[in-house]
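Here is the structure we will look at, set down as structure tokens.
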Amino acid sequence: MSQNRVFVIGVGMTKFEKPGAVEWDYPDMARTAGIKALDDAGIAYNEVEQAYAGYVYGESTSGQRAIYELGMTGIPIVNVNNNCSTGSAALFLAAQAIRGGLADCTLALGFEKMQPGSLGSTYDDREQPMMRHLLALAELQEFALPPAPYMFGAAGREHMEKYGTTAEQFAKIGVKNHRHSQNNPYAQFQDEYTLEEVLNSKEIYSPLTKLQCSPTSDGAGAAILASEKFVDDHGLGRYAVEIVGQAMVTDLSSTFDAQSALTLVGADMTRTAARKVYEQAGIGPDEVDVIELHDCFSSNELITYEALGLCAEGEGGKLVDNDDTTYGGRWVVNPSGGLISKGHPLGATGLAQCAELTWQLRGKADKRQVADAKIALQHNIGLGGAVVVTAYRPAER
Numbered sequence: 132m133s134q135n136r137v138f139v140i141g142v143g144m145t146k147f148e149k150p151g152a153v154e155w156d157y158p159d160m161a162r163t164a165g166i167k168a169l170d171d172a173g174i175a176y177n178e179v180e181q182a183y184a185g186y187v188y189g190e191s192t193s194g195q196r197a198i199y200e201l202g203m204t205g206i207p208i209v210n211v212n213n214n215c216s217t218g219s220a221a222l223f224l225a226a227q228a229i230r231g232g233l234a235d236c237t238l239a240l241g242f243e244k245m246q247p248g249s250l251g252s253t254y255d256d257r258e259q260p261m262m263r264h265l266l267a268l269a270e271l272q273e274f275a276l277p278p279a280p281y282m283f284g285a286a287g288r289e290h291m292e293k294y295g296t297t298a299e300q301f302a303k304i305g306v307k308n309h310r311h312s313q314n315n316p317y318a319q320f321q322d323e324y325t326l327e328e329v330l331n332s333k334e335i336y337s338p339l340t341k342l343q344c345s346p347t348s349d350g351a352g353a354a355i356l357a358s359e360k361f362v363d364d365h366g367l368g369r370y371a372v373e374i375v376g377q378a379m380v381t382d383l384s385s386t387f388d389a390q391s392a393l394t395l396v397g398a399d400m401t402r403t404a405a406r407k408v409y410e411q412a413g414i415g416p417d418e419v420d421v422i423e424l425h426d427c428f429s430s431n432e433l434i435t436y437e438a439l440g441l442c443a444e445g446e447g448g449k450l451v452d453n454d455d456t457t458y459g460g461r462w463v464v465n466p467s468g469g470l471i472s473k474g475h476p477l478g479a480t481g482l483a484q485c486a487e488l489t490w491q492l493r494g495k496a497d498k499r500q501v502a503d504a505k506i507a508l509q510h511n512i513g514l515g516g517a518v519v520v521t522a523y524r525p526a527e528r
């Protein structure tokens, strides 16, 4: 089946902030990110034909209320919620509309206004979406609260037991991402920490300490996508970035059948999506230059190295020790600071990743710039579950 090419022509985001630190509401965040993306593309909102609004915590049709800040033209606006992969799910749907020839210009916009502290449930009178995962994991490792660090910490423990990975290797990922965020004006945190400071920060769920965990955050991100015809008609080829591969994968039978904490936090979903994307793009992981991946916890970054094929299973710790995932290494992973230091407003995370990689491929990432970046890879996961992996390349180079 023939598919239309899809291009990112404009991106924008707010600075990510600690919940309550700034007097704003989600329409304010959405307006800021959306106007930045439209201005970046050099188009008016009335040229957008469809919009996809991602958020996790909010009322029904919050997407309309947010996007109405940009205009009210009667276009379809779809509200999207896919847990922590919500932003990239909105991106996937916006790209799919163009890929299928249903539109020439679409908007993906994600935002979140969060409560301080660990994530909790909103409704207690019905089955929790993660209950099956949590019950399966509790059979492998004793249950603990809060659920998110328990799940990813348990996966880290399993990796340590199976492959000899160390707490120091996980902590080094926290050191790296906090160091990277120093050069990102959009990051919630911009402080550097030593390995000892990361290891000695408050333990959340061993081996994870506070400085290896992503914070709750407020913020928004946006991307304008377009068809090849739209790019040509508007003369945008010089700045456009093409989506050359994209896949969304939900839980597989192996998620539960493998009886592994690694699969319960999505390793097989990521592995399956990555293979599809590499095939679509005609590339291998060694050809990728810069990566934004879902480091909600340092353990997940290391697990994801392996699932994306950057190394063999069990060898993620070697990449860390060899500095293979920072400047001067084989890849630069999370130049933005990642979720750990940039922040994690759930609905905005995937679109902030898209923005960072677009800037990197345009050569406009300032002090964060990865030298001569030609191919970028994005990974965004939400438990319960869905993962979106996307590959990008400049339209013209």
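The sequence shown begins at 132 in the working numbering and counts up by one. Don't be surprised by glycine CBs; every beta carbon is placed ideally from N, CA and C. Values in this document were obtained by computation on a predicted structure and should not be read as measured data.
What are the boundary residues of the beta strand (DSSP E) that residue i is part of?
i    : result
G513 : 507 to 513
S312 : Counting along the chain, S312 falls outside any beta strand (DSSP E), though it belongs to the alpha helix (DSSP H) covering 298 to 312.
Q377 : 372 to 381
A182 : 181 to 185
V519 : 517 to 525
Can you list, in chain order, the residues of its chain with a C-beta nearer than 7 angstroms to that of residue i? Leave out the 5 residues immediately preceding and following it.
i    : result
D382 : M400, G516
N213 : A220, G513, A517
V329 : A302, G305, V306, T340, L342, Q343
T442 : Sequence check: residue 442 is Cys here, not Thr. For C442, where only same-chain residues beyond five positions count, the Cβ hits under 7 angstroms are Y436, K449, L450.
Q313 : Q321, E323
A267 : F387, L395
N308 : D426, N465, G468, G469, I471, S472
Which residue marks the beginning of the alpha helix (DSSP H) containing residue i, and which one marks its end?
i    : result
N331 : 326 to 331
Q500 : Segment: none, Q500 is in no alpha helix (DSSP H) and carries neither H nor E.
L477 : 477 to 493
I208 : Segment 208 to 211 is the beta strand (DSSP E) holding I208; no alpha helix (DSSP H) there.
A398 : 398 to 412
N431 : 429 to 438
L470 : 469 to 473
Q195 : 193 to 198
D452 : 447 to 452
Kindly indicate which three-state DSSP category residue i falls into: helix, strand or coil?
i    : result
L233 : coil
I166 : helix
V419 : coil
S337 : coil
V362 : helix
Y157 : helix
F138 : strand
F274 : coil
M262 : helix
L424 : coil
A221 : helix
M245 : coil
D388 : helix
I355 : strand
D203 : Reading the sequence as shown, one finds Met at residue 203 and not Asp. Coil, per DSSP.
E148 : strand
A239 : strand
Mark residue i as exposed unless 16 or more other C-beta atoms lie within 10 angstroms of its C-beta, in which case mark it buried.
i    : result
G352 : buried
G218 : buried
G287 : buried
N431 : buried
F361 : buried
K473 : buried
Y615 : This structure cannot speak to residue 615, because the chain is shown only from 132 to 528.
A175 : exposed
Q484 : buried
N511 : buried
F274 : exposed
A152 : exposed
Q390 : exposed
N177 : exposed
With a threshold of 6 angstroms, establish whether the CB of residue i neighbours any heavy atom of the ligand NAD.
i    : result
A298 : The ligand NAD is absent from the structure shown, which contains no ligands of any kind.
Excluding the 5 residues flanking residue i on each side, which residues of the same chain have their C-beta closer than 6 angstroms to its C-beta?
i    : result
S345 : C427, L470, I471, H475
A412 : V375, G376, A522
S429 : F301, I304, G305, Q343
A496 : W490
A479 : G218, G241, F242, E243, G350, A351, G352
Y281 : A275, Y336
P338 : G287, A298, F301
Y294 : G445
A234 : E180, Q181, A228
Leaving out five residues before and five after residue i in sequence, what residues of the same chain have Cβ atoms less than 8 angstroms from its Cβ?
i    : result
K146 : P316, Y317, A318, Q319, G350
I198 : A161, G165, A182, A184, I208, L238, L240
Q195 : A184, I208, N210
T325 : V306
A225 : Q181, A182, Y183, T237, L238, A239, A354, L356
Does any residue of chain D bring its CB to less than 7 angstroms from the CB of residue i?
i    : result
A502 : The structure shown contains no chain D, having only a single protein chain.
Assess contact between the region 300 to 317 and the region 437 to 456, defined as three or more Cβ pairs (one per stretch) separated by less than 8 angstroms. Is contact present? yes
Check whether the region 414 to 424 touches the region 257 to 272, taking contact to mean three or more Cβ pairs, one atom from each stretch, closer than 8 angstroms. no
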